[in-house]
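Quick mapping for you: the protein sequence lines, in order, are chains A, B and C.
Quick note on the working numbering: the first sequence kicks off at 18 and runs consecutively.
Quick note on the working numbering: the second sequence kicks off at 31 and runs consecutively.
Quick note on the working numbering: the third sequence kicks off at 19 and runs consecutively.
So the structure is just underneath, and the comments pick up after that.
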Amino acid sequence: MRDKELELWRLIVFGAIGLVGFIGLWELVVRLGFIDPFFLPAPSQVVQRMQQLAVGPDAVLWRDIRVSAIRVLTGFFLSILVGVPCGLIMGVNPVIRAALNPIISIIRPLPALSWIPLSMLWLGIDEQQKYAIVFMGCFASVLVYTTDATMGVDPTLTLAARNLGATRMQVLRYVVLPGALPNILSGLKVVLAIAWTCVISAEMVGANSGLGFRIWTAKEWSDTGQVLVGMLSISLTVLLLDILFRGVERLLVPWRKGGSAA
Amino acid sequence: MRAIHWYILFASFWLLLAGCEQKTPANKTGGLEPVVAVGSQWYGHIPVWAGIERGIFEQYGFKVSWRFIGKSMDRLNAISSGEAQFASVGEIAMLSAMAHGNRRFYWVGNQDIAPGFEGLVARPGINSFADLKGKKIGFPFGSSVDITCRLLLRQHGLDPRKDVQLVNLEVGDVPAVFRAGNIDAALIWEPGFSQLVAVEGATVLAMDTDTEVYRHFGTMTGPDVLILGKTWVDRDPQRAKRFMQAYFTALEWVRVHPDEATALVQRRYIQQDLALIRKNMKKFIWQDAQAQHRVMSEEGIYPQAEVIVDILFHQIKAIPQKPDFREWVNLEVIPETPGSEREVK
Amino acid sequence: MSDVMIRAENVSMTFRTRTGELGAVEDFSLQVDRGEVVCIVGASGCGKSTLLNMVAGFLRPTAGRILLEGKEITAVEPRCGMIFQNYALFPWMTVRGNVAFGPRLRGLSKKECNRKAQHWIERVGLQGFEQAYPGELSGGMQQRVALCRALANEPEVLLCDEPFAALDAMTRQIMQQELLRIVQDSAKTVLFITHSIDEALILSDRLVVMSARPGRVKAVYNNDLPRPRKLDVQLTDRFLKLKRQVWDLVQEEVMGAMVLPVNTT
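In structure tokens form, the structure reads like this:
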């Protein structure tokens, strides 16, 4: 029950108060010397560092964001391309589901980081290796979300379609896919955030650009400010992508306008 | 109240797990002071290893536990956090940390002089620096080879930012990535360097001894320096001094017994062929207590450090300002006399 | 012109469950003529829906067989259009999309599909809502769309699985009238399941009372209420007399079903 949902303007105001309060407190404890700026630079220092990285002749931030975003999206879309059809089939066919489930259960808990040694061995250190790490980190989740979403589709809808003369393929295309789509999309939204954690792992080794690379090398140089700029950039980029994703969701799931549909 | 049972079950399970953790409190070290030392597989650490294995630290009242951390900055951060007390780290990482305002450690010495242990190796078909144009060179960013590489490229008229593609690699990954042909050239120090050279048809294009820094100062670009945790030293400077005495005693033992030392550290600390370790150790010079007072001065390593700081600030733009590294130096913990071998039974 | 449309011959259906076998329908025989409206009345859980699912081809009987126009039903049967209690509309399709779904599957041109859809949408009075999504409609309107969707597919038989059970009393009456009108106009064969005796009497030519589980034919009544009917037929003496007869019989079954568990414990 959402009995106490605030109006939009209140949400914005309280959100802003929380954010400003948090940043102010952070600035204060660093300025007053409670925290060594080497361990945690003040927000003002982070902003300054961000400015250095974002504008001027040595600006690398935009390129880093672009490079990482391309890696994330490529791996992410590849995992959708493979994971969604497989998930649909697993969702509707209990035999295939039973056969593949153990494999998925083995792959799913593996963190992206653990794929680095093998991926380097098989694919080297070029872009494909980065895509592969993001892909491996996302694929199993996409599959599981799709399978769950597919199994959640009201079975009477399938019966209704069959009753109207739909073949099994037509049921899959016209009933199961659109029926599962809302839940697939909310699953994909979670996976998109996972994809970002993967790309940061992928850029630990064999990279010379990207937000992950920027963070890892900043660590090598003991540049905590730059580490925070990298982290902040990830947060902002994911936030932006999330908003874009919501737009795509609204476009693909128009029947959920009010979110009231059962 | 069924839930209570679950809480009890959960709590006892957690306690069981916590009990399994091997903590060594002071009273379990038999009255010895616990010290955590961190380092890599670099030969420079041999005195520490020997000190642990030969019980030299224990004679001075310390229980030293060794932790492997491959990268200099990670070691420095372990010191800064207070979790470790003694480390040797690359000079470049140290200077960079200073520039970024890390004041949690003392620079107490220079570990070794060992030029000729790192170099630039190219894959078959690349025989000169001219061939490197547009090629991929891999090494761990922010380490001594980072500077070595940039210096060498510049000396041969190549712009490290435009003419080649530099790729960041983990220390341990460099040989494998090079062997697989994913990069065209690589730089790393021992023991990885030997693995690079061992690749069939690989050419050593240059060593760290070919850099200007070596020509001027006779050191490698980023020699390892000795670091102590600041709070640990400040709390009891005499204890720190005693610890360094133990270290230099161990160093002395290694110098007198190179073959025994080699046998001691092989496999346990360095996974390398015995003959290769022996050969490399002959080129290796550890700075003893007396040498420290000479090296840590304006006549010693300071001008070299100035040059490195300049490179970091102007060329690589990795540091926001030039730190006055002298503020971090603490030579009071360095004993006046070298530890003698006689003290070791 | 009394040719046989549906013919159930000694149909039985047993479900295998974790706790053992469960007989849903047993030795059920029934014959429905073309253009006839047959209502099946029974207590809940008597196997009415199972029976309907077998006619639709969703389930295969474990014994006996069901014939449609003399041929055994072995697969999902599009000639038997089903109307579900929970409407089963596709929430991602507009009203027009839902209604045009059947024709579209048969590969008709888009124009033809829309023409057909529009015809039925107007027939049930949903014009103006063509572009609405089911989620935006009331329950009664949704069931109209479901009815529309089934009819647009031009089935020989309409199978109705308690279609108005979830509606409020007023809407329910209106929908009954609607169905009565459409059925009388189109002369469709209808197999209608309900637990409301009133509904069964208003709609049916013949009324089948099913026994408690496992479902069997308990009794068959010929509903001689005059056609064409309107809802006010409920107020006639004949209606009330018939209702009383059926009522007594059904009540017996309901009581039996409720007492049963007490006896076994």
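Virtual Cβ for every residue (Gly too), placed ideally from N, Cα, C.
{"Asked": "Could you tell me whether any non-hydrogen atom of the ligand MG is closer than 7 Å to the CB of I113(A)?", "Found": "No copy of the ligand MG occurs in the structure displayed, which carries no ligand at all."}
{"Asked": "Note down, in chain order, each residue of its chain lying with its Cβ closer than 6 Å to the Cβ of T91(A), except the 5 sequence neighbours on either side.", "Found": "Y148"}
{"Asked": "List, from N- to C-terminal side, the alpha helix (DSSP H) runs of 4 residues or more that fit wholly inside the segment 59 to 97 of chain A.", "Found": "60 to 71"}
{"Asked": "Output, in chain order, the set of chain A residues within a Cβ distance shorter than 8 Å of D203(B).", "Found": "M137, V222 and G223"}
{"Asked": "Does DSSP put K309(B) in a helix, a strand or coil?", "Found": "helix"}
{"Asked": "Can you confirm whether the segment 176 to 185 of chain C touches the segment 102 to 114 of chain C when touching is taken to mean that 3 or more C-beta pairs between the two stretches lie within less than 8 Å?", "Found": "yes"}
{"Asked": "What three-state label does DSSP hand P111(A) in the structure shown?", "Found": "helix"}
{"Asked": "From the beta carbon of K236(A), is the nearest beta carbon of chain B less than 8 Å away?", "Found": "yes"}
{"Asked": "Going by C-alpha to C-alpha distance, which of E83(B), S102(B), I99(B) and G100(B) sits closest to K93(B)?", "Found": "E83(B)"}
{"Asked": "Measure from the C-beta of G99(C) to each C-beta in chain A and report whether the shortest distance is under 8 Å.", "Found": "yes"}
{"Asked": "Leaving out the 5 sequence neighbours to the left and right, which residues in its chain are closer than 8 Å to S30(C) when beta-carbon positions are compared?", "Found": "G41, V43, E44, D45, F46, P79, T80, A81, G82 and P232"}
{"Asked": "On a CA-only basis, which of G104(A), Q145(A) and W238(A) is nearest I133(A)? Give me that one, please.", "Found": "Q145(A)"}
{"Asked": "Should G131(B) be flagged as near chain A, meaning a C-beta pair shorter than 8 Å?", "Found": "yes"}
{"Asked": "Check each candidate in Y299(B), G231(B), A33(B) and R105(B) and name the one with the smallest Cα separation from P6(B).", "Found": "Residue 6(B) lies beyond the residue range present for chain B, which begins at 31 and ends at 375; the question has no answer from this structure."}
{"Asked": "Closer than 9 Å by beta-carbon distance: list the chain C residues that pair up with L176(A), in chain order.", "Found": "N71, A74, F76, V94, M100, F102 and A106"}
{"Asked": "Got a sec? Which residues, its chain only, sit under 7 Å from I106(A) by beta carbon, not counting five neighbours each side?", "Found": "I113"}
{"Asked": "In this structure, does DSSP put A232(B) in helix, strand or coil?", "Found": "coil"}
{"Asked": "Tell me whether the segment 350 to 365 of chain B and the segment 266 to 277 of chain B touch, counting them as touching only if at least three CB pairs, one residue from each stretch, are closer than 8 Å.", "Found": "yes"}
{"Asked": "Is A177(A) helix, strand or coil by DSSP?", "Found": "helix"}
{"Asked": "Quick check on the DSSP output: what are the complete beta strand (DSSP E) runs of length 3 or more inside the segment 61 to 131 of chain C, in order along the chain?", "Found": "81 to 86 and 98 to 101"}
{"Asked": "Just the chain B side, please: which residues come within less than 7 Å of T184(A) by C-beta, in chain order?", "Found": "Simply none; closest approach about 49 Å."}
{"Asked": "Using 10 angstroms around the beta-carbon of S251(B), count the other beta-carbons present and answer buried if the total reaches 16, otherwise exposed.", "Found": "The sequence shown places Thr at residue 251(B), not Ser. Its Cβ being crowded by 16 or more others within 10 Å, T251(B) is buried."}
{"Asked": "Alpha carbons only, please: which of F262(A), L258(A) and V244(A) is nearest the one belonging to H130(B)?", "Found": "V244(A)"}
{"Asked": "Report yes or no: is there a C-beta of chain B within less than 8 Å of the C-beta of T163(A)?", "Found": "no"}
{"Asked": "At the level of alpha carbons, what is the spacing between N132(B) and D176(B)?", "Found": "21 Å"}
{"Asked": "What are the uninterrupted segments assigned as alpha helix (DSSP H) that are 4 or more residues long and contained completely in the segment 208 to 264 of chain A, given in chain order?", "Found": "228 to 237"}
{"Asked": "Buried or exposed: which applies to D240(A), given that a residue is buried once 16 or more other Cβ atoms fall within 10 Å of its Cβ?", "Found": "buried"}
{"Asked": "What are the start and end residues of the beta strand (DSSP E) that includes P64(B)?", "Found": "E63 to G69"}
{"Asked": "Leaving aside the five residues before and after F262(A) along the sequence, list all residues of the same chain whose C-beta is less than 6 Å from its C-beta, in chain order.", "Found": "K206"}
{"Asked": "Which residues mark the beginning and the end of the beta strand (DSSP E) in which F247(B) is found?", "Found": "No beta strand (DSSP E) contains F247(B), which is instead part of the alpha helix (DSSP H) from E242 to F247."}
{"Asked": "Would you verify that the beta carbon of R52(C) is, or is not, closer than 8 Å to some beta carbon of chain A?", "Found": "no"}
{"Asked": "Rounded to whole angstroms, what is the Cα-Cα separation between D51(C) and T207(C)?", "Found": "7 Å"}
{"Asked": "Using the beta-carbon count (16 or more within 10 Å), is I24(C) buried or exposed?", "Found": "buried"}
{"Asked": "Quick one, which residues of the segment 115 to 129 of chain C are near chain A if we go by CB-CB under 7 Å, in chain order?", "Found": "F119, G120, L123 and R124"}
{"Asked": "State the start and end residues of the unbroken alpha helix (DSSP H) segment that holds N107(B).", "Found": "S102 to S110"}
{"Asked": "Within the 8 Å Cβ cut-off, does D259(A) reach chain B?", "Found": "no"}
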